[in-house]
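Taken in sequence, the protein lines are chains A and B. Here the first sequence is numbered in my numbering, starting from 7 and rising by one per residue. Here the second sequence is numbered in my numbering, starting from 0 and rising by one per residue. Using N, Cα and C, we set each Cβ at its ideal position, and we do this for glycine too. Remarks on the structure that follows.
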Amino acid sequence: MIEKDISLSGYKDVNDILRKISGKVKLKGCCGQRFIAAGMSDLSLEIYGIPGNALGAYLNGADINVHGNAQDAVGDTMNEGRIIVHGNIGDAAGYAMRGGKIFVKGNAGYRAGIHMKEYKEKRPVMVIGGSCGSFLGEYQAGGIIIVLGLDKENRDIVSNFPCTGMHGGKIFLRSDCSRVKFPDNVTVSRADDADLDEIREYIKEFCKEFLIPEEEILNSTFTKIVPDTKNPYQQMYVAN
Amino acid sequence: MSKGVHFGTEFFCIEMSTFILFNRKGATILSLRPRRDVKAHVLSKGFMKTEGEVRIPSGCAISAVISRLGKKTTGQSITESMKPMHDRSNGLGGGFAGYGIYPEYKDFYALHFFFDSRDTRKSCEIFLKERFEIVQSEIIPTRKIPAITDEPIIWRYFVTPLKSVLLSMQLDEKEFVARSIMKINTEMDGAYVFSSGKNMGTFKAVGYPEDVGVFYKLDEYEGYSWTAHGRYPTNTPGWWGGAHPFTLLDYSIVHNGEISSYDANRRFIEMFGYKCNLQTDTEVITYIFDYLVRVKGLTLEEAASVVAAPFWSTIEAKTDKKEAERLTFLRTAFSSLLVTGPFSIILGFTGGLMALNDRLKLRSMVIGEKDDMVFIASEESAIRTMEPDAENIYAPAGGEALIIKVKEGAIQ
């Protein structure tokens, strides 16, 4: 494995280094460098420290492991590959993501999965281990978001205004969601066996990455949210 | 031209009627067709229009640190914290506020000034002497560094209002100082007060914040709390006075965002004697907090519920009916002070800091702790730069005010 200390490098230098190498790479001393591994394919990256905003933007097949927290807009418009975050994740995770997978062990900030989309075989997946801030799946147009609520602080699995403007894709929350207020533009139901079959492989993959027992999670109640095509999204920001 | 202070950018005339403003790297930051009178002035004096005269339809970086025990640290760490967030700014403004930095003059208002000339300073001093006793008058020490150029005259006075004038005007001391500053900043060409609290001071310039900290020798000041800002101006050209923090008395604001309610807020606040001279949204936020907390006597929590009032639907859903009533009252009584659009702000005041996001949380803000220290920044990387072992990293929800106060009695 190639090892690089990037504590004194700017973001451009870091990506210049990464573009010249492939295979397994370990980045140490990361502190706020943006756009790490943007658009990259043949790379398996271990990051120690705090990667900056837009980690793995336009990612095209590379595998990224963050041993700590990540900041905002992780996987912005990513196309393929995996981003695994062993801590919490900032706002707008998976922003406009169109393929690949994001796994977060801890919590996500606001607007996780904003405007995720899918087309034919391209179907992005994001699994959040903890809870999410407000506006989960805002304007979601495709893909699958799964939130497991394994939050130690016992917070609500999702905060205010989830699924605002959602018009495609699916969200699964491991909760009966009795306290969650959903907008009129979505249909909320308890996930049945067929639904769970659809997400089982992703939950297994999540549990394998973070060494979490999967049985209890798979045997829980999940709520499924999909857009209500008969009552499409109309407005949020105007009538406030 | 009401303010003739050169703000350190180049202007270039391609046609007789059009000006293009470049930053030092040659990027166009402004192109405008000035009014005839302004154009004449620009050509004759070699001055560009300054802040407050131009509005260009903000990304930014903020950072802060406070010791709950009132322990003092130099401004070096907060300066370092801006480095990983370098790309959030564009070199058109950086600034800091430090609290507890003037213990030897703690009973006096520290007035920090930008002057465009020695004559302006002299005439301003005459005005000050009519209203204040000046116990110390000195240049603010700076380092000459290539990254910071075209500085105005940067001066500070430690003053106390003349008792006789206070009596005759029948004003309390703070109101008198605030009105005097508004008067200078509105009426006195070429003079601008950018800091006016007791035992605190603001330091700001055109440049990147990490350079501004070096320029002002912040490593030589010690404070129990610090705030910092890196600027990416989008509404105004970027002049020394327009850099953050914006202050009035001991309130200082650093702000990342772009508020869309600026004009509604400005029209309301100007009814109470405030003058928004610079057309930047941050200035109006500073005055809103001064008005709500100092003048109207609201608590900081209440002021936060006015500025970032929850949606009506959120208020209706509250199970705590008293809380819903409180929020309804505040939102109704001060409806013109609801600040909309994206913002994350840190308010500095004597003995504490308050961090607040807009209710939709359209900007990032992260908190971290270590022992008695609390850190606030736009990015966790800035917190890790100040304290690699920071704990309890979390992001407050939109509209959730985080208030940190120094233990009572800890500040001498």
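Next on the checklist: Give me the chain A residues within the contact set of MET84(B), using Cβ-Cβ distance strictly less than 7 Å, ordered along the chain.
Outcome noted: The count along the second sequence starts at 1 and reaches residue 84(B) at position 85. Chain A residues near MET84(B): GLY38.
Item to check | GLU209(B), enclosing alpha helix (DSSP H) - first and last residue | outcome: By one-based count along the second sequence, residue 209(B) stands at place 210. 208-214 is the extent of the alpha helix (DSSP H) around GLU209(B).
Next on the checklist: With a threshold of 8 Å, are at least 3 pairs of Cβ atoms found where one atom belongs to the segment 276-294 of chain B and the other to the segment 129-139 of chain A?
Outcome noted: These segments do not touch.
Item to check | Complete beta strand (DSSP E) runs within the segment 376-404 of chain B (minimum length 3 residues, chain order) | outcome: At a cut-off of 3 residues, the continuous stretches assigned as beta strand (DSSP E) that sit fully inside the segment 376-404 of chain B are 390-393, 401-404.
Checklist entry - Can you tell which of CYS183(A), LEU154(A), GLY175(A) has the C-alpha that lies nearest to the C-alpha of ALA147(A)? => result To locate residue 147(A), count along the first sequence from 1; it is residue 141. Cα-wise, what sits closest to ALA147(A) is GLY175(A).
Checklist entry - Any residues in the segment 388-409 of chain B with a beta carbon nearer than 7 Å to a beta carbon of chain A? Which ones, in chain order? => result Listed by position along the chain: ILE392, ALA394, ALA396, GLY397.
Item to check | Reduced DSSP secondary structure (H/G/I, E/B, other) of ALA177(B) | outcome: Taking the second sequence and counting its residues from 1, one reaches residue 177(B) at position 178. The three-state secondary structure of ALA177(B), taken from DSSP, is helix.
Item to check | Exposed unless 16 or more other CB atoms sit within 10 angstroms - verdict on ALA316(B) | outcome: As a working note, residue 316(B) is residue 317 in the second sequence. Burial state of ALA316(B) is exposed, judged by a 10 Å Cβ sphere holding fewer than 16 other Cβ atoms.
Item to check | Short Cβ contact (8 Å threshold) for GLY196(B) with ASP249(B) | outcome: Counting from 1 along the second sequence, the entry for residue 196(B) is found at position 197. Counting from 1 along the second sequence, the entry for residue 249(B) is found at position 250. Contact flag set, yes.
Next on the checklist: So, for ILE403(B): in the same chain, excluding its five sequence neighbours on each side, which residues have a beta-carbon less than 7 Å away from its beta-carbon?
Outcome noted: Position 404 of the second sequence, counting from 1, holds the residue named residue 403(B). Spatial neighbours of ILE403(B) in its own chain (CB-CB distance under 7 Å, excluding positions within 5 residues in sequence) are listed in chain order as ILE65, ARG67, GLY351, LEU352, VAL373.
Next on the checklist: Please state whether the Cβ-Cβ distance between PRO130(A) and GLY100(A) is less than 8 Å.
Outcome noted: Taking the first residue of the first sequence as 1, we reach residue 130(A) at position 124. Taking the first residue of the first sequence as 1, we reach residue 100(A) at position 94. At a Cβ-Cβ threshold of 8 Å, PRO130(A) and GLY100(A) count as neighbours.
Checklist entry - Can you name the start and end residues of the beta strand (DSSP E) that ILE42(A) belongs to? => result Here residue 42(A) refers to the residue found at position 36 when the first sequence is read from its first residue. In this chain, ILE42(A) is not harboured by any beta strand (DSSP E), its DSSP state being neither H nor E.
Checklist entry - In chain order, which continuous runs of the alpha helix (DSSP H) of length 4 or greater are located wholly inside the segment 284-327 of chain B? => result Within the segment 284-327 of chain B, the complete alpha helix (DSSP H) runs of at least 4 residues are 299-306, 311-315.
Item to check | CB contact check: SER165(A) to chain B, cutoff 8 Å | outcome: In the first sequence, residue 165(A) corresponds to position 159, counting from 1. Residue-level contact by beta carbon holds for SER165(A) and chain B, with a gap shorter than 8 Å.
Next on the checklist: Within 10 Å of its beta-carbon, does MET81(B) have 16 or more other beta-carbons around it, so buried, or fewer, so exposed?
Outcome noted: Position 82 of the second sequence, counted from the first residue, corresponds to residue 81(B). Result: buried.
Checklist entry - Which runs of the beta strand (DSSP E), 3 residues or longer, sit entirely within the segment 66-129 of chain B? => result The qualifying runs are 93-98, 108-114.
Checklist entry - Should LEU329(B) be labelled buried (16 or more other beta-carbon atoms within 10 Å of its own) or exposed? => result The count along the second sequence starts at 1 and reaches residue 329(B) at position 330. LEU329(B) is buried by the Cβ-count criterion.
Checklist entry - Hey, does ASN237(A) have any beta-carbon neighbour from chain B nearer than 8 Å? => result Here the question's residue 237(A) lines up with position 231 in the first sequence. The beta carbon of ASN237(A) does not come within 8 Å of any beta carbon belonging to chain B, so the residue lies off that interface.
Item to check | Opening and closing residue of the alpha helix (DSSP H) in which ASP22(A) lies | outcome: Sequence index remark: in the first sequence, residue 22(A) carries index 16 (1-based). Residues 17-25.
Item to check | ALA197(A) to ILE205(A) span [Cα, whole Å] | outcome: Stepping through the first sequence from its first residue, residue 197(A) is reached at position 191. Stepping through the first sequence from its first residue, residue 205(A) is reached at position 199. ALA197(A) and ILE205(A): Cα-Cα distance of roughly 10 Å.
Checklist entry - Which value, in whole angstroms, describes the spacing of the CA atoms of LEU51(A) and ILE152(A)? => result By 1-based counting over the first sequence, the position of residue 51(A) is 45. By 1-based counting over the first sequence, the position of residue 152(A) is 146. The straight-line gap separating the alpha-carbon atoms of LEU51(A) and ILE152(A) is approximately 24 Å.
Checklist entry - Are three or more beta carbon pairs between the segment 87-107 of chain A and the segment 57-70 of chain A nearer than 8 Å? => result The segment 87-107 of chain A is in contact with the segment 57-70 of chain A.
Item to check | 3 or more residues per run - each beta strand (DSSP E) lying fully within the segment 344-375 of chain B | outcome: You should have 351-356, 365-369.
Checklist entry - Can the beta-carbon of ALA354(B) be found closer than 8 Å to that of ILE345(B)? => result Counting from 1 along the second sequence, the entry for residue 354(B) is found at position 355. Counting from 1 along the second sequence, the entry for residue 345(B) is found at position 346. Yes. Within cutoff.
Item to check | As assigned by DSSP and simplified to three states, the class of ASP234(A) | outcome: Translated into positions along the first sequence, residue 234(A) becomes position 228. Coil.
Next on the checklist: What residue range does the alpha helix (DSSP H) around SER163(B) cover?
Outcome noted: Here residue 163(B) refers to the residue found at position 164 when the second sequence is read from its first residue. Where SER163(B) is concerned, the enclosing alpha helix (DSSP H) stretches over 162-168.
Next on the checklist: Between the alpha carbons of ARG23(B) and LEU91(B), how many angstroms are there, rounded?
Outcome noted: Here residue 23(B) refers to the residue found at position 24 when the second sequence is read from its first residue. Here residue 91(B) refers to the residue found at position 92 when the second sequence is read from its first residue. Because the pLDDT of ARG23(B) is 41, which lies under 50, any placement of that residue in the model is unreliable, and the question is left without a value.
Checklist entry - With burial defined as no fewer than 16 other Cβ atoms inside 10 Å of the residue's Cβ, what is the status of GLU209(B): buried or exposed? => result Within the second sequence, residue 209(B) is the residue found at index 210, counting from 1. That one is buried.
Next on the checklist: For the beta strand (DSSP E) containing LYS111(A), name the first residue and the last one.
Outcome noted: By one-based count along the first sequence, residue 111(A) stands at place 105. Per DSSP, LYS111(A) lies in no beta strand (DSSP E) and is assigned neither H nor E.
Next on the checklist: Do HIS243(B) and ILE284(B) count as a contact pair if the criterion is CB distance below 8 Å?
Outcome noted: Counting from 1 along the second sequence, the entry for residue 284(B) is found at position 285. Counting from 1 along the second sequence, the entry for residue 243(B) is found at position 244. The beta carbons of ILE284(B) and HIS243(B) sit no closer together than 8 Å.
Checklist entry - From TYR215(B) to ALA190(B), what does the alpha carbon distance come to, in whole angstroms? => result Your numbering for residue 215(B) matches position 216 in the second sequence. Your numbering for residue 190(B) matches position 191 in the second sequence. Rounded to the nearest angstrom, the two C-alpha atoms are 19 Å apart.
Item to check | Neighbourhood of LYS32(A) by C-beta, 6 Å cutoff - its chain only, sequence neighbours within 5 removed | outcome: Along the first sequence, read from residue 1 onward, the residue named residue 32(A) stands at position 26. Here LYS32(A) has MET7, GLU9, GLU52 as same chain residues with Cβ atoms under 6 Å from its own Cβ, once five neighbours each way along the sequence are excluded.
Checklist entry - Using a Cβ-Cβ cut-off of 8 Å (strictly less than) and excluding sequence neighbours within five positions of LYS71(B), which residues of its own chain qualify? => result On the second sequence, position 72 is the one that residue 71(B) refers to. The beta carbon of LYS71(B) sits closer than 8 Å to those of GLY99, GLU221, GLY222, TYR223, all from its chain and outside the five residues before and after it, given in chain order.
Checklist entry - When burial is assigned at 16 or more other CB atoms within 10 Å of the CB, is ASP289(B) buried or exposed? => result Position 290 of the second sequence, counted from the start, is the residue given in the question as residue 289(B). Around the beta carbon of ASP289(B), 16 or more other beta carbons sit within 10 angstroms, so the residue counts as buried.
Item to check | Proximal residues, the segment 72-90 of chain A versus chain B, C-beta separation under 8 Å | outcome: Within the segment 72-90 of chain A, the residues whose Cβ lies closer than 8 Å to some Cβ of chain B are ASN75, GLN77, ASP78, listed in chain order.
Item to check | Interface flag, SER57(B) vs chain A, CB-CB below 8 Å | outcome: The sequence position of residue 57(B) within the second sequence is 58, counting from 1. Confidence is the limiting factor: at SER57(B) the pLDDT is only 46, short of 50, which leaves the residue's position unreliable, though a coordinate-based value still follows. Any Cβ of chain A closer than 8 Å to the Cβ of SER57(B) would place that residue at the interface, and such an atom is absent.
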